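Q: If you read the protein sequences in the order shown, they are chains A and U. If you want my numbering, it's the position in the first sequence, counting the first as 1, plus 24. If you want my numbering, it's the position in the second sequence, counting the first as 1, plus 13. Before anything else, here's the structure in question.
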Amino acid sequence: MPDGLEHRGRERALALLAERFGPRFSRAPAVRAQHGRGEAWHPAQPPDAVVWCARTEEVAAVVTVCAEHRVPVVPFGAGTSLEGQLCCVDGGVSVDLASMNRVLEINAADLDVAVEAGVTRTQLNSDLRDQGLFFPIDPGADATLGGMAATRASGTNAVRYGTMRDNVLGVTAVMPDGRVARFGGRARKSAAGYDLTRLLVGSEGTLGVVTELRLQVHGIPEAIAAAVCGFASLEGAVTTAIETVQAGVPVARVELLDELQMRACIAFSELEGYAAAPTLFFEFHGTPAAVAEQAATVGGLAAANGGGAFAWATLAEERNRLWRARHDVYYAALALRPGAQAIATDVCVPISTLAEVVSATRRDIAASGLIAPVVGHVGDGNFHLQLLVDPADPDEMRRAEALHAAMVDRALAVGGTCTGEHGVGIGKLAKVAKEHPTAIPYWRALKRALDPDGIMNPGKIFAAD
Amino acid sequence: MAVIAPTDEAGVAAAVRAAHADDRALELEGGGSRRGFGRPLQTADTLSLAGLGGIELYEPGELVIRARAGTPLTEVEAALAAEGQMLPFEPPDYRRLLGNDGAAPTIGGLVAANLSGPARIARGALRDSLIGVRFVDGEGRIQRSGGRVMKNVTGLDLVKLVAGAHGTLGALTEVTFKVLPRPEAELTLAVPGLDPARAGAAMTGALATPLEVAAAAHLPAELAARSTVPEVAGAGTALTLLRLESFADFIGGRVARLAEHLGADSGALHLEAGASRAVWGEIRDVTLLAEPRDRAVWKISTAPTAGTALFESLTDELDGEGYLDWSGGLVWLAVPPHQDDAGSATIREALAALGGHATLVRAPATLRAAIDVFEPPTRQVMALTRRVKDAFDPKRILNPGRMYAGV
Chain A
25 MPDGLEHRGR
35 ERALALLAER
45 FGPRFSRAPA
55 VRAQHGRGEA
65 WHPAQPPDAV
75 VWCARTEEVA
85 AVVTVCAEHR
95 VPVVPFGAGT
105 SLEGQLCCVD
115 GGVSVDLASM
125 NRVLEINAAD
135 LDVAVEAGVT
145 RTQLNSDLRD
155 QGLFFPIDPG
165 ADATLGGMAA
175 TRASGTNAVR
185 YGTMRDNVLG
195 VTAVMPDGRV
205 ARFGGRARKS
215 AAGYDLTRLL
225 VGSEGTLGVV
235 TELRLQVHGI
245 PEAIAAAVCG
255 FASLEGAVTT
265 AIETVQAGVP
275 VARVELLDEL
285 QMRACIAFSE
295 LEGYAAAPTL
305 FFEFHGTPAA
315 VAEQAATVGG
325 LAAANGGGAF
335 AWATLAEERN
345 RLWRARHDVY
355 YAALALRPGA
365 QAIATDVCVP
375 ISTLAEVVSA
385 TRRDIAASGL
395 IAPVVGHVGD
405 GNFHLQLLVD
415 PADPDEMRRA
425 EALHAAMVDR
435 ALAVGGTCTG
445 EHGVGIGKLA
455 KVAKEHPTAI
465 PYWRALKRAL
475 DPDGIMNPGK
485 IFAAD
Chain U
14 MAVIAPTDEA
24 GVAAAVRAAH
34 ADDRALELEG
44 GGSRRGFGRP
54 LQTADTLSLA
64 GLGGIELYEP
74 GELVIRARAG
84 TPLTEVEAAL
94 AAEGQMLPFE
104 PPDYRRLLGN
114 DGAAPTIGGL
124 VAANLSGPAR
134 IARGALRDSL
144 IGVRFVDGEG
154 RIQRSGGRVM
164 KNVTGLDLVK
174 LVAGAHGTLG
184 ALTEVTFKVL
194 PRPEAELTLA
204 VPGLDPARAG
214 AAMTGALATP
224 LEVAAAAHLP
234 AELAARSTVP
244 EVAGAGTALT
254 LLRLESFADF
264 IGGRVARLAE
274 HLGADSGALH
284 LEAGASRAVW
294 GEIRDVTLLA
304 EPRDRAVWKI
314 STAPTAGTAL
324 FESLTDELDG
334 EGYLDWSGGL
344 VWLAVPPHQD
354 DAGSATIREA
364 LAALGGHATL
374 VRAPATLRAA
384 IDVFEPPTRQ
394 VMALTRRVKD
404 AFDPKRILNP
414 GRMYAGV
């Protein structure tokens with residue numbers, strides 16, 4: 025808790041914001057609790073107040089007041105992060121950007137768009153669709169694009185289209201002194217100074233509040249076909265995915281679900297005609313001929329690895345239903361154990377080690393007695409266990425933590441990482457400190473250089489000094 | 014003026030620590046192939062990284078390669094080619110352009126400059142393929158960031174920060190890239206006779222098709238005439254080039270579809286693999302603008318649809334010559350020596366309206382010292398740039414002033 029002097033400064037700042045924002049300022053406990061957590065198990069750590077901002081200048085006004093009184097600022101989009109990025113470890117002001125939801129520009133010929141930070145990925149895609157364009161980055165939740173940039177999100181399309189790191193051309197951000205800075209732009213970035221755009225992408229709100237973004241978008245392919253293929257063994261499925269990428273097949277999506285996750289999805293999303301077996305979901309983009317080429321190549325690899333026939337979904341509504349089911353794996357898994365909460369794990373390993381790492385992890389799951397379905401963006405070497413736990417049961421939490429730790433150790437041993445796409449937040453502080461012991465002094469030095477008073481989302485990515 | 018040439022990372026760290034202790038600035042050098050690029054330095058000593066050679070890790074099945082920073086680019090590319098793989102971003106070689114023919118470009122120097130070739134529009138920039146680095150900061154501390162996996166969101170992205178920092182944040186010692194299988198086949202369609210505006214529309218139109226055009230450039234007639242590729246030089250007119258890549262069995266179908274998209278009357282020439290590779294090499298390495306040597310050469314990035322008009326107005330106003338790459342988003346422009354500031358004021362003013370940035374890639378040292386080589390950032394971004402430099406190199410030991418004065 026803030027000491028006396030700091031406490032008075034904080035109250036003064038909140039009074040100023042209350043006056044300026046009126047009904048768009050709240051200290052209601054329920055509102056604060058809702059803004060102090062994401063979707064995973066981390067208990068809420070509420071802010072002192074929530075302010076809803078509608079424009080960049082309003083965010084600048086909030087940060088200016090907070091900077092003057094050294095009050096923490098924590099940006100809030102859709103509230104779907106998974107590692108406690110939204111937990112207000114030292115209270116402060118949660119800046120809710122959901123009403124900054126205007127798509128500002130669509131430049132179809134240049135394949136770029138400008139959006140406010142509170143636009144969600146599905147909102148952007150529905151605006152883009154009638155221009156024949158789409159934005160490929162698709163974390164499971166319907167996150168805001170500002171939040172996706174802040175956590176450097178990725179998703180099922182990363183194997184072909186990259187992650188937020190590759191698709192953000194520029195950002196407008198309110199910096200810790202309350203000033204508005206613009207980085208990057210419409211040009212394909214080459215040599216205009218330090219890449220501060222990509223320093224902000226993935227900084228989890230610790231360096232500034234992203235309020236607007238310029239994004240690269242893509243043309244909707246002429247032909248899209250999705251296919252589902254069940255396998256006799258998990259190893260066969262993983263091997264097929266790896267061989268697909270190694271062969272250079274430009275597959276758009278290749279996603280692994282183990283038999284438990286598949287069972288959860290069949291029940292939760294009411295999928296019909298699929299078996300609860302280790303399964304790959306594929307999607308192919310291109311001309312009709314290219315899609316046929318890719319499908320033939322991958323079909324051959326699957327058959328050689330114990331895969332069954334492809335079940336095709338070529339109609340848009342069938343495909344959407346399938347990918348909706350894939351995006352809902354988190355909720356489907358939670359439904360396997362009503363009342364449980366989830367610890368999301370997120371290792372990424374070299375693809376040549378993936379089959380071995382997944383198999384070893386599955387042996388660990390069996391030994392742990394926990395319920396933990398496996399789902400993976402296997403084309404990138406990234407996979408998740410969702411550990412279903414009762415946070416009130418200390419023994420279960422210990423077993424879950426041991427399983428997670430073993431999984432991370434195994435990933436690090438083969439040159440992998442503890443987080444491929446969810447970020448660090450507060451949930452992975454210790455694991456990242458172990459993975460990058462020498463980097464933390466630098467991150468701190470950069471943080472001090474850009475945010476000397478440490479007001480921007482404090483306590484995330486690395487522990488404060 | 015001494016040249017310090019360590020052979021390992023510990024030696025690099027020791028050299029930087031010694032320089033830091035004595036307040037002596039260091040100019041970093043790899044193979045010397047881009048000597049003369051950036052603002053000229055006046056440092057006491059040179060720290061050569063060319064002694065840090067060798068590929069440290071290459072697992073073709075993992076699609077990843079890691080090499081020490083001084084490894085010649087040719088060695089990296091040969092190792093990849095032997096396994097049918099490649100660096101995705103089509104690395105350029107500016108030796109001819111910069112007159113450093115004897116030097117051997119290193120992989121670390123390439124990263125420091127973040128240089129990408131024509132395939133950038135399809136496969137991303139160098140920094141998009143760079144997944145891990147090790148470097149020595151301005152206080153002599155060894156630092157690593159990223160790793161060897163495809164996706165990694167552990168903390169602040171220092172990998173992207175040091176790529177393109179021109180050695181002002183750290184002396185790179187090791188770099189790791191994700192790589193791609195090399196396409197089995199390539200073919201370029203060359204549409205004759207388009208003016209820049211129509212060429213721009215043809216390029217963005219082709220990129221909007223689902224045919225996965227891998228590169229798109231436009232050579233005006235006088236540039237095409239200078240090509241060493243007979244079909245290009247002999248066309249006698251401007252050529253708009255569209256490159257397709259695919260598996261051998263499928264390239265024919267792609268070519269037919271693109272030809273159909275361009276229209277039966279486009280008269281597009283087919284440049285088969287050898288000619289295609291050769292002309293894209295010339296576009297990538299800017300050799301068509303290497304002579305005469307007294308001209309300044311600019312690399313100008315803007316939005317693709319803005320590039321063609323910018324190109325026309327600048328060549329006209331500055332009596333310049335050049336071509337378009339990256340579907341119009343990249344303008345290469347050579348400016349004759351009678352322009353006092355190499356056209357800097359005109360170029361920067363035009364860009365202020367359109368958005369984008371210009372880099373003076375080749376010019377005499379006196380000019381590179383007198384005018385901004387890199388696009389001057391806004392005051393606020395400059396202030397942030399200085400603070401980032403403070404965090405990595407507070408005493409300004411590494412390449413001080415290479416990009417901006419005081420950084």
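Where a beta carbon is used, it is the ideal one built from N, C-alpha and C, also for glycine. These numbers were taken from a predicted model, which means no experiment stands behind them.
1) Check whether the Cβ of U:Gln156 lies closer than 8 Å to any Cβ atom in chain A.
2) Compare the Cα-Cα distances from A:Ile130 to each of A:Asp154, A:Asp201, A:Met124, A:Asn329 and report the closest residue.
3) Distance cutoff 8 Å, beta carbons only. Does A:Pro1 sit that close to anything in chain U?
4) Around the C-beta of A:Glu107, are 16 or more other C-beta atoms found within 10 angstroms, so that it is buried, or is it exposed?
5) How would you write the range of the alpha helix (DSSP H) that A:Gly208 sits in, first residue to last?
6) Quick check on the DSSP output: the alpha helix (DSSP H) that includes U:His33 runs from which residue to which?
7) Strictly below 7 Å CB to CB, what residues from chain A border U:His370?
8) Could you tell me which of A:Ala133, A:Val127, A:Ala390 sits nearest to A:Glu140, measuring between CA atoms?
9) Using a Cβ cut-off of 8 Å (strictly closer), state whether A:Tyr466 contacts chain U.
10) Counting only runs that start and end within the stretch 91–123 of chain A, where is the beta strand (DSSP E) found for 3 or more residues in a row?
11) Measuring straight from C-alpha to C-alpha, what distance separates U:Asn412 and A:Pro482?
12) Distance check for A:Leu224 and A:Pro302, CA to CA, integer angstroms please.
13) Run through chain U and tell me which residues come within less than 7 Å of A:Ile161, C-beta to C-beta.
14) Kindly list, in the order they appear in chain A, the residues whose Cβ is closer than 9 Å to that of U:Leu174.
15) Would you call U:Glu314 buried or exposed, if buried means 16 or more other Cβ atoms sit within 10 Å of its Cβ?
16) To the nearest angstrom, how far is it from the Cα of U:Leu364 to the Cα of U:Gly49?
17) Using a Cβ-Cβ cut-off of less than 9 Å, give me the residues of the stretch 440–452 of chain A that come near chain U, in sequence order.
18) Return the chain-ordered list of same chain residues with a C-beta closer than 7 Å to the C-beta of A:Met25, the five sequence neighbours on each side being excluded.
19) State the CB to CB distance for the pair U:Ala184 and U:Leu139, rounded to an integer number of angstroms; the pair is presumed to be in contact (CB under 8 Å).
20) Can you name the residues that DSSP bridges to U:Pro85?
21) For a contact meaning CB atoms closer than 9 Å, what does A:Asn406 contact in chain U?
22) Quick one: what's got a C-beta closer than 8 Å to A:Ala215's C-beta in the same chain, skipping five residues either side?
23) Just the Cα atoms here: how many angstroms apart are A:Val86 and A:Val278?
24) Looking at the strands, I want to know which residues DSSP matches up with U:Asp114.
25) Compare the C-beta of U:Arg140 with all C-beta atoms of chain A and state if any pair is closer than 8 Å.
26) Report buried or exposed for U:Gln55, applying the criterion of at least 16 other Cβ atoms within 10 angstroms of its Cβ.
27) Report yes if the CB atom of U:Gly43 is closer than 8 Å to the CB atom of U:Gly122, and no otherwise.
28) Taking a contact to mean a Cβ-Cβ separation below 8 Å, would you say U:Ala228 touches U:Pro131 in this structure?
29) Just mark U:Asp208 as buried or exposed, buried being the case when its beta carbon has 16 or more other beta carbons within 10 Å.
30) Give the residues of chain U in contact with A:Glu380, contact being defined as C-beta atoms less than 7 Å apart.
31) Check the Cβ of A:Ala261 against every Cβ in chain U and list those closer than 7 Å, keeping chain order.
32) Mind listing which residues of the stretch 70–92 of chain U have their C-beta closer than 9 Å to chain A's C-betas, in chain order?
33) For the beta strand (DSSP E) holding A:Leu412, just list the boundary residues, first then last.
34) Using beta-carbon positions only, say whether U:Gly249 and U:Thr189 come within less than 8 Å of one another.
35) To test your reading of the DSSP string, which unbroken alpha helix (DSSP H) runs of 4 or more residues are found completely within the stretch 309–368 of chain U?
36) Can you tell me which of U:Asp406, U:Leu111, U:Gly97, U:Pro118 puts its alpha carbon nearest to the alpha carbon of U:Glu88?
A: Quick look at the numbers:
1) Locating residue 156 of chain U in the second sequence gives position 143, counting from the first residue. At least one chain A Cβ lies under 8 Å of U:Gln156.
2) Counted from its first residue, the first sequence places residue 130 of chain A at position 106. Considering only alpha carbons, the answer is A:Asp154.
3) Residue 1 of chain A lies beyond the range of chain A shown here (25 to 489); nothing can be said about it.
4) To locate residue 107 of chain A, count along the first sequence from 1; it is residue 83. Per the 10 Å Cβ criterion, buried.
5) Position 184 of the first sequence, counted from the first residue, corresponds to residue 208 of chain A. Careful: A:Gly208 lies outside any alpha helix (DSSP H), inside the beta strand (DSSP E) at 204–208.
6) Along the second sequence, one-based indexing puts residue 33 of chain U at 20. Unbroken alpha helix (DSSP H) run through U:His33: 22–35.
7) The residue you call residue 370 of chain U lines up with position 357 of the second sequence. Residues of chain A whose Cβ lies closer than 7 Å to the Cβ of U:His370 are, in chain order, Ala211, Ala216.
8) Taking the first residue of the first sequence as 1, we reach residue 140 of chain A at position 116. Of the candidates A:Ala133, A:Val127, A:Ala390, the one whose C-alpha sits nearest the C-alpha of A:Glu140 is A:Val127.
9) Numbered from its first residue, the first sequence carries residue 466 of chain A at position 442. For A:Tyr466, the answer is yes, since a Cβ of chain U falls inside 8 Å of its Cβ.
10) 97–100, 117–120
11) If you number the second sequence from 1, residue 412 of chain U lands on position 399. If you number the first sequence from 1, residue 482 of chain A lands on position 458. Rounded to the nearest angstrom, the two C-alpha atoms are 33 Å apart.
12) On the first sequence, position 278 is the one that residue 302 of chain A refers to. On the first sequence, position 200 is the one that residue 224 of chain A refers to. So the alpha carbons of these two residues sit roughly 38 Å apart.
13) Here residue 161 of chain A refers to the residue found at position 137 when the first sequence is read from its first residue. In chain order: nothing, as chain U lies at least about 12 Å away.
14) The sequence position of residue 174 of chain U within the second sequence is 161, counting from 1. By Cβ distance, chain A contributes Tyr218, Asp219, Leu220, Arg222, Leu223, Leu470.
15) For the purposes of this step, residue 314 of chain U is taken as the residue at position 301 of the second sequence. Sequence check: residue 314 of chain U is Ser here, not Glu. By the 10 Å Cβ count, U:Ser314 comes out buried.
16) As a working note, residue 364 of chain U is residue 351 in the second sequence. As a working note, residue 49 of chain U is residue 36 in the second sequence. Using only the alpha carbons, I get a separation of about 24 Å.
17) Listed by position, the residues of the stretch 440–452 of chain A near chain U (Cβ gap below 9 Å) are Gly440, Thr441, Cys442, Thr443, Gly444, Glu445, His446, Gly447, Val448, Lys452.
18) On the first sequence, residue 25 of chain A is found 1 positions in, with the first residue counted as 1. Any reading at A:Met25 must be qualified, since the residue scores a pLDDT of 49, below 50, and its modelled position is unreliable; no value is offered.
19) As a position in the second sequence, residue 184 of chain U is number 171, starting the count at 1. As a position in the second sequence, residue 139 of chain U is number 126, starting the count at 1. Between U:Leu139 and U:Ala184 the Cβ distance is about 18 Å, and since that is not below 8 Å, they are no contact.
20) In the second sequence, counting from the first residue as 1, residue 85 of chain U sits at position 72. U:Pro85 is bridged to U:Thr119.
21) Here residue 406 of chain A is taken as the residue at index 382 of the first sequence, counted from 1. The answer, in chain order, is Val162, Met163, Lys164.
22) Taking the first residue of the first sequence as 1, we reach residue 215 of chain A at position 191. Confidence is the limiting factor: at A:Ala215 the pLDDT is only 48, short of 50, which leaves the residue's position unreliable, though a coordinate-based value still follows. Closer than 8 Å at the Cβ level, and outside the excluded window around A:Ala215, lies no residue.
23) Locating residue 86 of chain A in the first sequence gives position 62, where the first residue counts as 1. Locating residue 278 of chain A in the first sequence gives position 254, where the first residue counts as 1. A direct Cα-to-Cα measurement between A:Val86 and A:Val278 gives close to 43 Å.
24) On the second sequence, position 101 is the one that residue 114 of chain U refers to. Note: U:Asp114 sits in no beta bridge, so no partner.
25) On the second sequence, residue 140 of chain U is found 127 positions in, with the first residue counted as 1. At least one chain A Cβ lies under 8 Å of U:Arg140.
26) Counted from its first residue, the second sequence places residue 55 of chain U at position 42. Answer is exposed; the Cβ neighbour count stays below 16.
27) Within the second sequence, numbered from 1, the residue matching residue 43 of chain U stands at position 30. Within the second sequence, numbered from 1, the residue matching residue 122 of chain U stands at position 109. Going by C-beta atoms, U:Gly43 is nearer than 8 Å to U:Gly122.
28) What you label residue 228 of chain U is simply residue 215 of the second sequence in a count that begins at 1. What you label residue 131 of chain U is simply residue 118 of the second sequence in a count that begins at 1. Result yes, Cβ atoms of U:Ala228 and U:Pro131 sit closer than 8 Å.
29) Numbered from its first residue, the second sequence carries residue 208 of chain U at position 195. With fewer than 16 Cβ atoms within 10 Å of its Cβ, U:Asp208 is classed as exposed.
30) The sequence position of residue 380 of chain A within the first sequence is 356, counting from 1. The premise fails here: A:Glu380 is roughly 12 Å from chain U at the closest Cβ pair, so nothing lies under 7 Å.
31) Numbered from 1 along the first sequence, position 237 holds the residue referred to as residue 261 of chain A. Here the premise fails: no neighbours, minimum Cβ distance about 17 Å.
32) Leu70, Glu72, Pro73, Gly74, Glu75, Leu76, Val77
33) For this step, residue 412 of chain A is matched to residue 388 along the first sequence. Residues 406–413.
34) What you label residue 249 of chain U is simply residue 236 of the second sequence in a count that begins at 1. What you label residue 189 of chain U is simply residue 176 of the second sequence in a count that begins at 1. No, the Cβ-Cβ distance between U:Gly249 and U:Thr189 is not below 8 Å.
35) 317–331, 357–367
36) As a position in the second sequence, residue 88 of chain U is number 75, starting the count at 1. Nearest of U:Asp406, U:Leu111, U:Gly97, U:Pro118 to U:Glu88, Cα basis: U:Pro118.
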